[in-house]
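Residue numbers (this note's numbering), protein chains in the order written: chain Y, 22 to 97; chain P, 22 to 97.
Ideal Cβ positions, reconstructed from N, Cα and C, are used throughout, including at glycine.
Computed from a prediction, not measured in an experiment: that's the story for all the values here.
Notes for the one structure printed next.
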DNA sequence: ATGTAGACTCCAGTCGACT
DNA sequence: GAGTCGACTGGAGTCTACA
């Protein structure tokens, strides 16, 4: 069973790929570190609320929608 | 203009008071520190994703709903 | 274009005590 | 019941470099 941050990372990765963005470009656009974005998508770190706000904004999706998808994955 | 974590703190406080819970009881039920919960509600700290998952769960509300209310406050 | 690793800073998160 | 302060530890987040 994947952990909560692993599921969240998968959702964020889906939104990034939907935009056709590389981790590198997402990092450049968001001002976050590229290696850090990789860690988030692999569920290896537990991002802060402000980091999530920045990422969702850069991915042009409401954070509430990201969390909704995450919650749907949680149940199955 | 309140910061993002200040708005989030206000939303979390509203949900806590709606349940008639004290910060102390919320801390006990969630396993988080009481002083830390106070800091979150006052917007003095930037909580992690996992902390938000725990808080929303303890407050018996989907995290996506908390974030939705936060986003509505953001616009006005 | 991504994963990994090492080294670094600073703050998330805990705890005890006092107001 | 809540705010604050001091002290502490672990990990979020950055940066460089290599595979």
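Note that the C-beta distance between residue 73/Y and residue 80/Y is not below 8 Å. Distance from the CA of residue 38/P to the CA of residue 51/Y, rounded to the nearest whole angstrom, comes to 35 Å. C-alpha of residue 95/P to C-alpha of residue 36/P: approximately 17 Å in a straight line.
Put simply, the CB of residue 84/Y is near chain P, with a gap under 8 Å to one of its CB atoms. Residue environment for residue 41/Y: exposed (fewer than 16 other C-beta atoms within 10 angstroms of its C-beta). Contact between residue 67/Y and residue 69/P holds, since their C-beta atoms are separated by about 5 Å, short of 8 Å.
Of all residues in the stretch 42-61 of chain Y, none is placed with a Cβ closer than 7 Å to any Cβ belonging to chain P.
Residue 69/P carries a strand assignment under DSSP once its states are collapsed to helix, strand and coil. Here DSSP, grouped into helix, strand and coil, assigns residue 59/P to helix.
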